[in-house]
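Colleague:
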Amino acid sequence: MTLPTPDHPRYTSLLLRERIVKGIEMGITAKQGLVAHGRGETFDYLIGECTTDWAQKACKASAAHIILAENPVISVNGNVAVLCPEEVRDLAKTLKCKVEINLFHRTPERMEKIFEHLVNKGIEAPIGMEPDCQIPNLDHERGKATRGGIYDADVVIVPLEDGDRTQALRAMGKAVITIDLNPLSRTSRTASITIVDNVLRALPAIQEESVSLEDLPRDELRSIIDNYDNASVIAGSIEQMRCNLDTVCSSL
Ligand code: PTJ
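First residue of the sequence shown: 553, per my numbering; consecutive thereafter.
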C-alpha cells in the first residue's frame with residue numbers, strides 16, 4: 553500500500569480509498585463497494601468534503617429521533633464495516649443502538665468476516681447472522697432481517713444504502729435515517745431524514761448533537777423532529793453543490 557504523507561491535499565480521501573481496498577482484500581467489502589465508494593467520493597468533492605449546515609441540521613434531527621426511539625438499530629454493510637467501525641461502535645454505545653449486519657451481496661463468508669471484524673473493533677454482539685424474518689415486499693438478500701433488530705426497530709440508521717429497502721422500511725412505519733453523499737438517490741429521496749455527508753463525518757456529528765440534546769424534555773425533542781423538513785435539507789444540499797461549482801467556474 554502506497555500512502556501519501558499527511559500533508560498531501562488528498563490525504564484523507566486516499567486513506568479512505570485504501571481502507572476500502574483493504575476491506576476487499578479481507579473479504580469484508582464487496583467489489584461493488586469500490587464503485588459505490590467512487591460515486592461517494594465524487595459527491596463528497598462537490599459538497600466540499602465537509603459537514604454542511606444542511607447536514608448538521610439533519611444530524612440534529614437524527615439525534616432527536618434516536619434519543620426518543622425505543623429500539624434504534626444501525627444497519628452495517630461491507631463499506632461501513634471497514635470505513636468507520638469505531639464510529640459505529642461509539643454511536644451505538646452512546647445512544648444504545650443495536651448494530652445489525654445487512655448485506656446486499658450477502659454470502660456466509662462475508663457475514664462471518666464482518667461479524668468478527670466488528671467484534672474485534674469493540675462492537676458488542678452485532679446481530680444479523682441468523683435472520684428470522686423478511687422485510688415485506690423486498691425479495692432480495694437485503695430483505696433478510698432479525699426480530700428484535702431491524703424488523704422491530706422504530707428508527708433505522710442506514711448508511712450507504714442501495715435503494716428500495718428504505719422504501720420498504722418506511723412502508724413498515726419506521727423512521728429511516730440515511731447517510732448518503734448522493735442527494736439524488738432514491739434512498740435520499742425516500743428517507744425520513746437524509747444526511748448528505750460522508751458517513752465518517754456524519755456518525756460523530758450525530759453523536760455530538762445527541763450530547764447537546766440529551767437533557768432536553770421529550771416534547772422539545774419531538775418539536776425538533778416535527779419542525780424538520782427533509783425536502784428543504786436535500787434541496788439545500790444540492791444548492792450547496794451548485795454554489796461550490798459556480799465558485800470554481802468563476803475562478804477559472
Ligand atoms: O456490503 P454490501 O453487500 O451490502 O454492498 C454495499 C454497497 C455499498 C456495494 C451497496 O449497498 C451498493 O451498491 O450501494 P449503491 O447503490 O452504490 O449506493 C451507495 C450510496 O452511498 C451511493 O449513493 C454513494 O454516493 C453513497 N456513498 C458512498 N460512499 C459513501 C456514501 N455516502 C456516505 N459516505 C460514504 N463514505
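In this text, a Cβ means the ideal position worked out from N, Cα and C, and glycines have one as well.
Note down, in chain order, each residue of its chain lying with its Cβ closer than 6 Å to the Cβ of D732, except the 5 sequence neighbours on either side.
Modeller: T739 and S740.
Colleague: Using a threshold of 7 Å, is the CB atom of H657 nearer than that to any non-hydrogen atom of the ligand PTJ?
Modeller: Flag set: Cβ of H657 near the ligand PTJ.
Colleague: So is the beta-carbon of P637 under 7 Å away from any non-hydrogen atom of the ligand PTJ?
Modeller: Not under cutoff, so the answer is no.
Colleague: Which same chain residues, not among the five before or five after S565, have their C-beta less than 7 Å away from its C-beta?
Modeller: Excluding positions up to five away in sequence, the list reads E593.
Colleague: Quick check: the Cα distance between P637 and L568, rounded to an integer number of angstroms?
Modeller: P637 and L568: Cα-Cα distance of roughly 13 Å.
Colleague: Is it buried or exposed, P735, if we count other Cβ atoms within 10 angstroms and call 16 or more buried?
Modeller: It counts as buried.
Colleague: What do you get for V640, buried or exposed, if any count of 16 or more other CB atoms within 10 angstroms of its CB means buried?
Modeller: Burial call: buried.
Colleague: Taking the alpha carbon of A616 as the reference point, which residue from A633, G788 and I776 has its own alpha carbon closest?
Modeller: Nearest of A633, G788 and I776 to A616, Cα basis: I776.
Colleague: At the level of alpha carbons, what is the spacing between P605 and P683?
Modeller: Pro is not the amino acid found at residue 605; the sequence shown has Asp there. Going from the Cα of D605 to the Cα of P683 covers about 38 Å.
Colleague: In angstroms with no decimal places, state the Cα-to-Cα distance between I747 and E664.
Modeller: Each residue's Cα considered, the two are about 29 Å apart.
Colleague: Helix or strand or just coil, what does DSSP make of K627?
Modeller: Note that residue 627 corresponds to Ser in the displayed sequence, not to Lys. Here S627 sits in strand by DSSP.
Colleague: Check the DSSP bridge columns for Q584 and list the partner residues they point to.
Modeller: For Q584, which the question treats as bridged, DSSP gives no partner whatsoever.
Colleague: Since I687 and R717 are thought to touch, with beta carbons under 8 Å apart, how far apart are those beta carbons, to the nearest angstrom?
Modeller: With 8 Å as the limit, I687 and R717 qualify as a contact, their Cβ atoms being about 7 Å apart.
Colleague: Measure the alpha-carbon distance for E857 versus I572 and round it to whole angstroms.
Modeller: Residue 857 falls outside the range modelled here, since the chain spans only 553 to 804, and no answer is possible.
Colleague: Taking the beta carbon of P678 as the centre, do at least 16 other beta carbons fall within 10 Å, making it buried, or is it exposed?
Modeller: Per the 10 Å Cβ criterion, buried.
Colleague: If you run the structure through DSSP and keep just helix, strand and coil, what is I687?
Modeller: Of the three classes helix, strand and coil, the one that applies to I687 here is coil, per DSSP.
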